[in-house]
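These notes are about the structure you will find just below.
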Amino acid sequence: ELVPIEPGRQAIKSKLVLKVKYFADGSYNKHKARLVAKGFMQKLGLDFFSTFSPMATLTTVRVLLAIAVFYSLEIIHADIPQAFCQSLQDTDIWMQLPFGIGIRNRHTGAVSKIVKLIRSLYGLRGSPQLWNKMLTKFFKEEANYQQADCDACMFYKHSESGFVLVAVEVDDLVITGSDSA
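Heads up: the sequence shown is residues 39 to 219, going by the working numbering.
Laid out in structure tokens, this is it:
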């Protein structure tokens with residue numbers, strides 16, 4: 039949002055990370071650009087309150103794979119693109135845009151170099167935790183999965199047609215089960 043920064047607050051800096059991606063055979067795939075925040079400039083208790091985000095343990099993933107092998111089930115790996123950018127910010131964070139980039143206000147015509155973040159960005163200290171909270175809420179409230187007591191990153195669902203197990207590792211999901219639907 040183009041919202042003036044509050045008095046006494048400081049905007050964190052950002053940068054564009056540019057990368058050339060190649061296929062496994064070495065041929066050109068695409069150019070990739072990502073806007074990242076310089077999260078090391080954030081202040082604890084003002085810009086973020088916690089950085090902890092759980093991740094499935096190696097033991098949990100091994101058990102999930104063992105169950106899949108024992109019952110001859112399909113194993114699916116899913117990577118969620120731009121995962122951190124999908125979660126909403128829970129604190130007010132202003133970010134200074136990289137050098138050479140500004141946003142023109144269509145009403146006043148003024149160019150702004152500072153924006154208030156609505157969604158989380160890569161590089162912010164609290165981004166992994168915000169993403170995990172959003173994903174957990176989705177699994178429990180919208181998809182009706184249960185969260186395992188032994189590992190907070192293991193979700194499961196039983197139905198008449200079978201079961202599904204999902205292990206979460208930040209933005210990667212390892213999925214197996216007898217219910218392919």
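No residue lacks a Cβ here, since even glycine has one placed at the ideal position from N, Cα and C.
* Asked: Shortest alpha-carbon distance to Lys-178 belongs to which of Lys-151, Val-55, Val-204 and Asp-217?
  -> Ranked by Cα distance from Lys-178, the first of Lys-151, Val-55, Val-204 and Asp-217 is Val-204.
* To do: Measure the CB-CB distance between Leu-173 and Val-153 and report whether it falls below 8 angstroms.
  => Contact: no.
* Compute the Euclidean distance between the alpha carbons of Leu-159 and Cys-123, then round it to the nearest angstrom. => When the Cα atoms are used, Leu-159 and Cys-123 turn out to be separated by approximately 5 angstroms.
* Asked: So, are the CB atoms of Gly-161 and Gly-77 less than 8 angstroms apart?
  -> Against a cut-off of 8 angstroms, the Cβ pair of Gly-77 and Gly-161 comes out as a contact.
* Tell me, please, whether the region 188 to 200 touches the region 84 to 102 by the rule of three or more beta-carbon pairs shorter than 8 angstroms. => In this structure the region 188 to 200 lies against the region 84 to 102, because at least three pairs of beta carbons, one per stretch, are closer than 8 angstroms.
* To do: Go through the region 114 to 180 residue by residue and report every complete run of the beta strand (DSSP E) that reaches 3 residues or more, in order.
  => Counting only runs of 3+ residues, the beta strand (DSSP E) found wholly inside the region 114 to 180 occupies 132 to 134 and 152 to 154, in chain order.
* **Secondary structure of Gly-77, DSSP reduced to three states** => Helix, per DSSP.
* Asked: Where does the unbroken beta strand (DSSP E) through Phe-193 begin, and where does it stop?
  -> Here the beta strand (DSSP E) through Phe-193 covers 192 to 197.
* Residues in its own chain within less than 7 angstroms of Val-41 by CB, not counting five upstream and five downstream? -> Cβ neighbours of Val-41 beyond the five flanking positions: Lys-154.
* How close, in whole Å, do the beta carbons of Phe-201 and Ser-216 come, if the pair is a contact with beta carbons under 8 angstroms? -> Sure, about 6 angstroms apart at Cβ, within 8 angstroms.
* **Whole beta strand (DSSP E) elements within the region 40 to 119, 3-residue minimum** => Within the region 40 to 119, the complete beta strand (DSSP E) runs of at least 3 residues are 52 to 60, 66 to 75 and 113 to 117.
* CA-to-CA distance, Ala-71 to Val-55, given in whole angstroms -> Cα-Cα distance, rounded: 6 angstroms.
* For Pro-166, I'd like the list of residues in its chain whose CB is within less than 8 angstroms of its CB, leaving aside the five on either flank, ordered along the chain. => Thr-89, Ser-91, Phe-122 and Val-208.
* Asked: So what does Asp-210 bridge to, in DSSP terms?
  -> Its beta-bridge partners are Asp-117 and Glu-207.
* Count the other C-beta atoms from every protein chain shown that fall within 10 angstroms of the C-beta of Asn-170, then say buried if there are 16 or more, exposed otherwise. => Counting Cβ neighbours within 10 Å, Asn-170 comes out buried, since at least 16 surround it.
* Less than 8 angstroms separating the beta-carbons of Ile-113 and Ala-106? -> In terms of Cβ geometry, Ile-113 and Ala-106 form a close pair [threshold 8 angstroms].
* Beta carbon proximity, Asp-85 to chain C, threshold 8 angstroms -> This model lacks chain C altogether; it includes just one protein chain.
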